[in-house]
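For the protein sequence lines, the chains are G and F, in the order given. Add 178 to the 1-based position in the first sequence for the numbering used here, that's all there is to it. Add 178 to the 1-based position in the second sequence for the numbering used here, that's all there is to it. Just so it is clear, CB atoms sit at the ideal spot from N, CA and C, and this is done for glycine as well. Working notes, structure below.
Number of protein chains: 2
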Amino acid sequence: MRRKNSRPRRSECPLNAALEMVGDRWSLLIVRDLMLGGQRTYKAFLAGGERIATNVLADRLAKLEEIGILGSVRDPSDRRRIHYKLTAKGIDLAPVLIELVLWASRHERTAAPKELLDEMVHHRRRFLTRLKRQWSAME
Amino acid sequence: MRRKNSRPRRSECPLNAALEMVGDRWSLLIVRDLMLGGQRTYKAFLAGGERIATNVLADRLAKLEEIGILGSVRDPSDRRRIHYKLTAKGIDLAPVLIELVLWASRHERTAAPKELLDEMVHHRRRFLTRLKRQWSAME
Chain G
179 MRRKNSRPRR SECPLNAALE MVGDRWSLLI VRDLMLGGQR TYKAFLAGGE
229 RIATNVLADR LAKLEEIGIL GSVRDPSDRR RIHYKLTAKG IDLAPVLIEL
279 VLWASRHERT AAPKELLDEM VHHRRRFLTR LKRQWSAME
Chain F
179 MRRKNSRPRR SECPLNAALE MVGDRWSLLI VRDLMLGGQR TYKAFLAGGE
229 RIATNVLADR LAKLEEIGIL GSVRDPSDRR RIHYKLTAKG IDLAPVLIEL
279 VLWASRHERT AAPKELLDEM VHHRRRFLTR LKRQWSAME
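Put into structure tokens, the structure is as follows:
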């Protein structure tokens, strides 16, 4: 299936490429849930704090899989159930998520746990290493 | 004028807050043009490589100004002309732009100048300091 985003890019700028892939209000929340929240299934994403609509979720999951940010496998114990997981390209979005979180925390009233922010600021490398290790363990 | 984004946030997560502000395909391209490209006017943004539509550009400029990412001043020599500039909150998006650029450069075929990528990777602090200095000089 070729989708809209298979069209030629608007420009060759890497920022533009990134925004054509994840520049919307939902994609990086799904990446967040996979990366930090432990959600793996359609149902778990639907239950997220931002109340994503089913059609939007289905669209974003298909797009994220198509562009290689996540992959899906059938649950061996229940073939009807699909489990999603980040690819290497998906886990590599961690620094983008960190900077967006830190930027919003500096300029807006939000509810990020202080320990998490401190770790992102002062122990970024450790934080990234830990994320990658958790992610490899799930492979 | 109260706009859509004045509504309560979907959640208190800082990532969600960031995406409600700049989670779209255009806003960060405008920030890029102000930060790195030297564009200051509506006409200059319109001429950008991604061919933004006039109505989308007008909408994004108004939204970015409302949420405090950019400000506008009338050109003293031509009062009909408006100049845009980043605020401190806007220039503080530089690390987000850097990570998006680096992520896309690692995983997609793009046309980023190698020297720019090298500076972002190996001399990030110097790069950020230079951006902030240029920005202060324009104040």
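Exposure label - Thr288/F; buried when at least 16 CB within 10 Å:
In the second sequence, counting from the first residue as 1, residue 288/F sits at position 110. Buried.
Once the 5 residues before and after Leu224/G are set aside, which same chain residues still bring their CB inside 8 Å of it?
The sequence position of residue 224/G within the first sequence is 46, counting from 1. Excluding positions up to five away in sequence, the list reads Ile230, Thr232, Leu235.
Could you tell me which of Leu271/G, Gln312/G, Glu228/G, His301/G sits nearest to Pro176/F, measuring between CA atoms?
Residue 176/F falls outside the range modelled here, since chain F spans only 179 to 317, and no answer is possible.
If you compare alpha carbons, which of Pro273/F, Arg252/F, Lys267/F is closest to Glu244/F?
For this step, residue 244/F is matched to residue 66 along the second sequence. Of the candidates Pro273/F, Arg252/F, Lys267/F, the one whose C-alpha sits nearest the C-alpha of Glu244/F is Lys267/F.
Measuring alpha carbon to alpha carbon, tell me which residue in Ala282/F, Ala195/F, His285/F is nearest Glu286/G.
In the first sequence, the residue the question calls residue 286/G occupies position 108. The shortest Cα separation from Glu286/G among Ala282/F, Ala195/F, His285/F belongs to Ala195/F.
Contact defined as beta carbons within less than 8 Å: I believe Leu248/G pairs with Thr265/G. What is the distance between those atoms, to the nearest angstrom?
Locating residue 248/G in the first sequence gives position 70, counting from the first residue. Locating residue 265/G in the first sequence gives position 87, counting from the first residue. About 6 Å separates the two Cβ atoms, so the contact holds.
Which residues bound the beta strand (DSSP E) around His261/G?
Mapped onto the first sequence, residue 261/G falls at position 83. Looking at the DSSP string, the run of the beta strand (DSSP E) that includes His261/G is 256–264.
Bridge partner(s) assigned by DSSP for Arg252/G
On the first sequence, position 74 is the one that residue 252/G refers to. Paired residues: Ile260/G.
Three-state secondary structure assigned by DSSP to Asp296/G:
Mapped onto the first sequence, residue 296/G falls at position 118. Looking at Asp296/G - three-state DSSP - the assignment turns out to be helix.
Neighbour-count burial assignment, Lys221/F, 16 or more Cβ in a 10 Å radius:
Within the second sequence, numbered from 1, the residue matching residue 221/F stands at position 43. By the 10 Å Cβ count, Lys221/F comes out exposed.
What do you reckon, are the CB atoms on Val274/F and Leu278/G nearer than 9 Å?
Against the second sequence, residue 274/F aligns to sequence position 96. Against the first sequence, residue 278/G aligns to sequence position 100. Yes; because the gap between Cβ atoms is below 9 Å, this pair is in contact.
Near Leu242/F, which residues of its chain fall below 7 Å by C-beta distance, leaving aside the five closest residues on each side in sequence?
In the second sequence, the residue the question calls residue 242/F occupies position 64. Result list for Leu242/F: Ser205, Ile208, Leu248, in chain order.
Any chain G beta carbon closer than 9 Å to Leu275/F:
Here the question's residue 275/F lines up with position 97 in the second sequence. Yes - at least one Cβ of chain G is within 9 Å of the one on Leu275/F.
With DSSP as the reference, label Ala315/F as helix, strand or coil.
The residue labelled residue 315/F in the question sits at position 137 within the second sequence. Three-state result, Ala315/F: helix.
Taking C-alpha atoms, which residue in Arg252/G, Pro186/G, Ile269/G lies nearest to Lys310/G?
Along the first sequence, one-based indexing puts residue 310/G at 132. If we check each option's Cα against that of Lys310/G, Ile269/G comes out closest.
Taking the CB atoms as reference points, tell me whether Arg203/G and Glu198/F lie closer together than 9 Å.
Indexing the first sequence from 1 puts residue 203/G at position 25. Indexing the second sequence from 1 puts residue 198/F at position 20. Yes, Cβ-Cβ distance for Arg203/G and Glu198/F is below 9 Å.
In this structure, does DSSP put Thr232/G in helix, strand or coil?
Locating residue 232/G in the first sequence gives position 54, counting from the first residue. Note: Thr232/G maps to helix in three-state DSSP.
Return yes when the Cβ of Tyr262/F is within less than 9 Å of the Cβ of Thr219/F, no when it is not.
By one-based count along the second sequence, residue 219/F stands at place 41. By one-based count along the second sequence, residue 262/F stands at place 84. Contact flag set, yes.
Distance, Cα to Cα, Arg313/F vs Glu293/F?
Working through the second sequence from its first residue, we reach residue 313/F at position 135. Working through the second sequence from its first residue, we reach residue 293/F at position 115. With the sequence shown as reference, residue 313/F is identified as Trp, and Arg is not the correct amino acid for it. Taking the straight line joining both Cα atoms gives about 21 Å.
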